[in-house]
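All remarks here apply to the structure that follows.
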Amino acid sequence: MSLHVTSRVLLASLGDVSPEHGSLRLYGDPTGVERPVLEAIRPLHENDCDCDDADEYGDCTRFELRSATVERFKIVRLGGRLGAGYFVACEYQPDWPMHVSQYVPFFGDVESMRDVANSAGVGDDELIDALCSENPVERAEAYRNLIGYHGWANFDEYPIELTAAEVTARLAHDKKASA
Ligand SMILES: [Zn+2]
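121 is the number that my numbering gives to position 98 of the sequence shown; each next residue is one higher, with no gaps.
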């Protein structure tokens, strides 16, 4: 994650406004250099927690933060592959060293989007179009469906633990993008 907390701008809130219920926020780089980042903050433990950070009512004050860079994709069709084509990051160029199939993301090729779309209750074309959109908010909504299907651990296997005070301080930097 290369967007710094103090310089990034909040582009959209896609989850609950409160981390207690699972916040999901999309941040952008005002200079446009770094790619947008989707960040989820949610309680680390269930209710009725008895860890050292839970209060006398079992309300736990530990949170976990996971983040994913929101890529933009495109479909590359090669001669001989008449079907859906390869689904790759939009930076892909034909002169990249490996075969285009090697650049397909872990969550799969175009056909794999059908299962994700089905489980999210959206059309597969709609999901693919959103992942190829120049609008980062549309891509982030598609990422939410990908994460819902594959699980956060596949996008960020090293969550950061935060205290409630750290969460509050972090979110205090959020400011709406106005320009
Ligand atoms: Zn706990």
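Backbone N, C-alpha and C fix where the C-beta goes; we use that ideal spot for every residue, glycine too.
Work out the CA separation of residue j and residue i for me, nearest whole Å.
| i | j | result |
| --- | --- | --- |
| G38 | Y109 | 30 Å |
| N141 | D179 | 23 Å |
| L185 | D118 | 43 Å |
| D75 | V28 | 28 Å |
| I170 | P159 | 16 Å |
| P182 | I64 | 10 Å |
| P42 | L101 | 44 Å |
| S90 | E79 | 31 Å |
| V127 | G55 | 24 Å |
| D82 | C72 | 6 Å |
| G144 | L26 | 31 Å |
| F129 | A187 | 33 Å |
| P120 | R95 | 20 Å |
| S124 | A176 | 24 Å |
| L67 | R167 | 19 Å |
| L88 | V60 | 12 Å |
| V190 | H44 | 13 Å |
| S36 | Q116 | 33 Å |
| M136 | R162 | 14 Å |
| L150 | L194 | 29 Å |
Would you say residue i touches ligand 1, meaning its beta carbon is less than 7 Å from a heavy atom?
| i | result |
| --- | --- |
| D76 | yes |
| L101 | no |
| L67 | yes |
| C72 | yes |
| R31 | no |
| C83 | yes |
Based on Cα-Cα distance, which residue from the options lies nearest to residue i?
| i | options | result |
| --- | --- | --- |
| C113 | A176, R58, R193 | R58 |
| E62 | R100, E189, V93 | V93 |
| S156 | Y80, K97, E69 | K97 |
| D132 | D147, A143, P120, M121 | D147 |
| S30 | Y50, R162, L150 | Y50 |
| Y172 | D152, S46, A187, D138 | D138 |
| V111 | D152, H196, F86 | D152 |
Indicate the three-state DSSP secondary structure (helix, strand or coil) for residue i in the structure shown.
| i | result |
| --- | --- |
| R193 | helix |
| E134 | helix |
| L150 | helix |
| R31 | coil |
| Y166 | helix |
| V123 | helix |
| S142 | helix |
| V56 | coil |
| V40 | coil |
| Y181 | coil |
Return yes when the C-beta of residue i is under 7 Å from any heavy atom of ligand 2, and no when it is not.
| i | result |
| --- | --- |
| C74 | Summarising the ligand content, the structure contains ligand 1 and does not contain ligand 2. |
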